[in-house]
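Visitor: In the working numbering, the protein residues as written are -17 to 253.
All residues carry an ideal CB built from backbone N, CA and C; glycine is no exception.
These figures come from a predicted structure and were not determined experimentally.
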């Protein structure tokens, strides 16, 4: 089984360019570039758009799943609206998970969140909602000329898990950038995942440097590759963790430069 975790940055080109392609075509070009070297069976995606103007008004996970030939996918909106712009949290009773099992995926609202796709049959999808951390943070983001600082309010978070036909349960998340808040979310996510059946894989952008994702969970890190920032990777904040597999059970794939996102994809192949 080949597995990838990738913070997609909604398919934005890095570095930004004035002569931008159609956003959908840029996304497809980005995945064509990525998949020429590695074709995952299971993929966890963070910072995914659904019906956003900035990304071409498409359901990005459905577009990616079709391109990669993954029959099964799920999208968990973390917020309604556009991050960094006008948005709101999900209201009580609103769906917090949309999947390829659903009949009317065309009705998905303008939203943003995390996603998973799989070529391996999914027996059941699960989702865990995580509250946002109240405080925000100044972050460094790429600009057309160098980089710039932007203040971001934290957003609600979520975890998606897929029970696979092969006996694995694979989970994906994007935790808060607020120190302390992401630790609490990590421990809660691990406890939730442990109650689901099968062997466990836990992946995502945990926003925790220095191997803390593995240290705080006491789970094995299957790749220690640095993935952030994509133009000069210096930190590991993206993880692939397991309670049953070790690094000797997998082949870690060396991250390579990509044409989209400020993160590099983190990939392994289970031997």
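Expressed to the nearest angstrom, what Euclidean distance is found between the alpha-carbon atoms of residue 47 and residue 101?
Guide: Taking the straight line joining both Cα atoms gives about 9 Å.
Visitor: Using 7 Å as the threshold, is the C-beta distance between residue 37 and residue 75 below it?
Guide: For residue 37 and residue 75, no; Cβs fall outside 7 Å.
Visitor: Between residue 148 and chain D, is any beta-carbon pair separated by less than 7 Å?
Guide: The chain inventory of the structure shown lacks chain D, comprising one protein chain alone.
Visitor: Output needed for residue 233: all residues of its chain with C-beta closer than 7 Å, excluding positions within five of it in sequence on either side, in chain order.
Guide: The residues are 250, 251, 253.
Visitor: On the criterion of 16 or more Cβ atoms from any shown chain inside 10 Å, does residue 325 qualify as buried, or is it exposed?
Guide: What the structure shows of the chain is the stretch from -17 to 253, and residue 325 is not part of that stretch, so it cannot be assessed.
Visitor: Which value, in whole angstroms, describes the spacing of the CA atoms of residue 59 and residue 93?
Guide: Answer to the nearest angstrom: the Cα atoms are 6 Å apart.
Visitor: Just the Cα atoms here: how many angstroms apart are residue 150 and residue 82?
Guide: Each residue's Cα considered, the two are about 19 Å apart.
Visitor: Bridge partners of residue 111, per DSSP?
Guide: Bridge partners of residue 111: 140.
Visitor: Is the beta carbon of residue 26 closer than 7 Å to that of residue 154?
Guide: Result yes, Cβ atoms of residue 154 and residue 26 sit closer than 7 Å.
Visitor: I think residue 115 touches residue 140, with their Cβ atoms under 8 Å apart; what is that distance to the nearest whole Å?
Guide: Rounded, the Cβ-Cβ distance is 14 Å, inconsistent with contact.
Visitor: Helix, strand or coil for residue 105, going by three-state DSSP, please let me know.
Guide: Here residue 105 sits in strand by DSSP.
Visitor: Can you give the beta carbon distance from residue 33 to residue 91, rounded, assuming they're within the 8 Å contact cut?
Guide: Yes, they are in contact, since the Cβ atoms of residue 33 and residue 91 sit about 7 Å apart, within 8 Å.
Visitor: Does residue 184 come out as helix, strand or coil in the three-state DSSP assignment?
Guide: Here residue 184 sits in strand by DSSP.
Visitor: Going by the CB atoms, is the gap between residue -9 and residue 44 shorter than 7 Å?
Guide: No, they are not a contact pair.
Visitor: Taking the continuous beta strand (DSSP E) assigned at residue 29, which residues delimit it?
Guide: 24 to 32 is the span of the beta strand (DSSP E), which, as asked, contains residue 29.
Visitor: So, helix, strand or coil for residue -9, using DSSP?
Guide: The answer is helix: DSSP assigns residue -9 an H, G or I state.
Visitor: Have a look at the DSSP bridge pairing and note the partners of residue 151.
Guide: Bridge partners of residue 151: 145, 182.
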